[in-house]
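Sequential numbering from 76 applies to the sequence shown in this note's numbering. Heads up: the structure comes next, in structure tokens.
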Amino acid sequence: MNEIFRIHSTLGTFWWILLGVFFVIYIVLDGADLGAGVFSLLLNNENDRAAVMSSMAGTWDANETWLVVAGGVIFGAFPLVYGATFNYLMIPLMFALWGIISRAVAFEFHVLAKSSRKFWGFMFGFGSLIAALFAGIALGATLLGFSMTTGNAQGIQVANDPFVNTVPHFSGDALSFLSAFSVWTGIAALIAGGLAGTLYLCARFEQNDPIYLKAHKAATLFSFLALAAVVITLIWSYAIMPDAAKWTGSGWFGWLILLIAILISAYKMMTNHAAHRDFSALLWCGAIVVFMWGGMWATNFPYIIPQTWTISAGANPANDLAILTLFMTGFVPVMITYNIYQIWVFRKRITHLAGYESH
């Protein structure tokens, strides 16, 4: 029995780590796309907006694959967490999904449209904004956790029905996700997306191009806004989240090293951006995301949903996790390989004239 428990704990933790990796890859890759879409709302020329779409034409759908994979991991490895959390986050995830679908449809329709081209250009940017905002709200709500019950939907115990009486599920209402903190994380997600998106556009467009000049100026502003947003979020999180006490506990030195790594990455991002070393600036921005996401993931351990679901309580039985591990982990290096290949193929800078071509 102890051996089974050890295997279950090990496999559950393995998939918890992989889940964090999948999410952070999605945030780094598609976060830049979403941010570029939000930035496109500031462009008055429809051909410039089409050029922004052209810049990501070869990669955007592959970037979104990581979100699908992350959702599949939650469903396959942590099904109880999947059911309860998606119930809790039904409204923000519904809007985030609507935004993702809208920008995808707009992306395809914009190149073929004539009289409605401006509308689809707006929907591309607006869908990006909605997706980023509500994804951020969902993240903030998740960090706060949620109430659960083991009864039925009304919390009432049902006689002679052990399944209904023992499976924990969300017990709040449709607006339980809404709080000042979750709204703030939505705003912070927009700021972070704006920074990543403008840095991405700087890396994709020729340095004398009008879109580059606008994106470079906007990225400078977003970098300072993002720094302020990070400070506010960290202070707020420390004040309201029990697990954040780890930051000043016995392991404080490790957290200090992580903070220094984040600050160094931010400094390198800003100096590279100022020197017009655009791809390096984008990579350092990605490093900040990885460090901060890793810090958040480590802060929550051993919870997959803070103060709500532990990894062990939410994970599938050991035999199911073993089968999932055997058949699915081999796809991870394949996905990483084709992402790297796509970035390499579409590495050449473009100009705003790309908006006059098919994207």
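Ideal placement from N, C-alpha and C gives every residue a C-beta, glycine not left out. Predicted model, so just to flag it, every value in this text is computed and none were measured.
Which residue marks the beginning of the beta strand (DSSP E) containing Ile21, and which one marks its end?
Here the chain comprises residues numbered 76 to 434, so residue 21 is not present and cannot be evaluated.
Between which two residues does the alpha helix (DSSP H) containing Thr374 stretch?
Along the sequence shown, one-based indexing puts residue 374 at 299. It spans Asp353 to Asn375 - the alpha helix (DSSP H) in which Thr374 sits, taken as one unbroken run.
Thinking C-beta only, is Trp195 closer than 8 Å to Ala181?
Here residue 181 corresponds to residue number 106 of the sequence shown, with the count starting at 1. Here residue 195 corresponds to residue number 120 of the sequence shown, with the count starting at 1. A contact, by the Cβ cut-off of 8 Å.
Would you say Glu281 and Lys193 are within 8 Å of each other, going by their C-beta atoms?
Working through the sequence shown from its first residue, we reach residue 281 at position 206. Working through the sequence shown from its first residue, we reach residue 193 at position 118. No, the pair does not count as a contact, with Cβ atoms beyond the cut-off.
Keeping to the same chain, check which residues put their C-beta closer than 6 Å to that of Ala171; ignore five residues upstream and five downstream.
Residue 171 sits at position 96 when you count from the first residue of the sequence shown. Excluding residues within five positions, the ones whose Cβ falls inside 6 Å are Ala206, Phe209 and Ala210.
Determine the closest residue to Val403 out of Ala152, Val103 and Ile82, with distance taken between C-alpha atoms.
Residue numbering aside, residue 403 sits at position 328 when the sequence shown is read from its first letter. The question names Val, yet the displayed sequence has Met at residue 403. Nearest C-alpha to Met403: Ala152.
By alpha-carbon positions, which one of Asp284, Thr273 and Asp136 ends up nearest to Ala293?
Along the sequence shown, one-based indexing puts residue 293 at 218. Nearest of Asp284, Thr273 and Asp136 to Ala293, Cα basis: Thr273.
Helix, strand or coil, according to DSSP, for Gly95 in the structure here?
Indexing the sequence shown from 1 puts residue 95 at position 20. In this structure, Gly95 counts as helix in the three-state DSSP scheme.
Phe280, DSSP secondary structure in three states:
In the sequence shown, residue 280 corresponds to position 205, counting from 1. It is a strand residue.
Between which two residues does the alpha helix (DSSP H) containing Ser177 stretch?
Position 102 of the sequence shown holds residue 177. Segment Met165 to His185, the alpha helix (DSSP H) holding Ser177.
Rounded to a whole number of angstroms, what is the C-alpha to C-alpha distance between His185 and Pro285?
Along the sequence shown, read from residue 1 onward, the residue named residue 185 stands at position 110. Along the sequence shown, read from residue 1 onward, the residue named residue 285 stands at position 210. Using only the alpha carbons, I get a separation of about 21 Å.
DSSP beta-bridge partners for Phe380?
Residue mapping note: residue 380 aligns to position 305 of the sequence shown, counting from 1. The amino acid occupying residue 380 in the given sequence is Ile; Phe does not appear at that position. Partner(s): Trp384.
Nearest residue (CA-CA) to Phe252, options Leu219, Ala278, Leu276 and Cys277:
Here the question's residue 252 lines up with position 177 in the sequence shown. Nearest C-alpha to Phe252: Leu219.
Checking 8 Å against the spacing of the C-beta atoms, do Trp368 and Lys343 come in under that value?
The residue given as residue 368 occupies position 293 in the sequence shown. The residue given as residue 343 occupies position 268 in the sequence shown. Against a cut-off of 8 Å, the Cβ pair of Lys343 and Trp368 comes out as no contact.
Straight-line Cα distance separating Leu302 from Leu331:
Against the sequence shown, residue 331 aligns to sequence position 256. Against the sequence shown, residue 302 aligns to sequence position 227. Computed Cα separation, rounded: 17 Å.
By alpha-carbon positions, which one of Ala213, Ala271 and Ser222 ends up nearest to Trp259?
Here residue 259 corresponds to residue number 184 of the sequence shown, with the count starting at 1. Nearest C-alpha to Trp259: Ala213.
Classify Thr273 as helix, strand or coil using the three-state DSSP reduction.
Numbered from 1 along the sequence shown, position 198 holds the residue referred to as residue 273. Thr273: helix per DSSP, three-state reduction.
Verify whether the separation of the beta carbon atoms of Leu333 and Gly370 is less than 8 Å.
Here residue 333 is taken as the residue at index 258 of the sequence shown, counted from 1. Here residue 370 is taken as the residue at index 295 of the sequence shown, counted from 1. Going by C-beta atoms, Leu333 is nearer than 8 Å to Gly370.
Apply the 10 Å Cβ neighbour rule to Asn77 and answer buried if 16 or more other Cβ atoms are within range, or exposed otherwise.
Here residue 77 corresponds to residue number 2 of the sequence shown, with the count starting at 1. Per the 10 Å Cβ criterion, exposed.
Would you kindly report the start and end of the unbroken alpha helix (DSSP H) that includes Pro285?
Position 210 of the sequence shown, counted from the first residue, corresponds to residue 285. Here the alpha helix (DSSP H) through Pro285 covers Pro285 to Ile315.
DSSP three-state assignment for Phe153, whether helix, strand or coil
For the purposes of this step, residue 153 is identified with residue 78 of the sequence shown, where counting begins at 1. Note: Phe153 maps to coil in three-state DSSP.
Per DSSP, what kind of secondary structure is Met345 in: helix, strand or coil?
As a working mapping, residue 345 is identified with position 270 in the sequence shown. Looking at Met345 - three-state DSSP - the assignment turns out to be helix.
What does DSSP give as the partner residues of Thr323 in its beta bridges?
Along the sequence shown, one-based indexing puts residue 323 at 248. Note: Thr323 sits in no beta bridge, so no partner.
On the three-state DSSP scale, how would you describe Ala228?
As a position in the sequence shown, residue 228 is number 153, starting the count at 1. In this prediction, Ala228 has a pLDDT of 48, which is less than 50 and means its spatial position is unreliable; nothing more can be read from the coordinates.
Residue range of the unbroken alpha helix (DSSP H) whose run includes Asn394:
Position 319 of the sequence shown, counting from 1, holds the residue named residue 394. Ala393 to Met403 is the span of the alpha helix (DSSP H), which, as asked, contains Asn394.
Please confirm if the stretch 76-91 is in contact with the stretch 346-361, defined as three or more CB-CB distances below 8 Å between the two stretches.
no
Would the beta-carbon of Leu276 fall within 8 Å of that of Ser129?
Indexing the sequence shown from 1 puts residue 276 at position 201. Indexing the sequence shown from 1 puts residue 129 at position 54. Cβ distance not < 8 Å, so Leu276 and Ser129 don't count as in contact.
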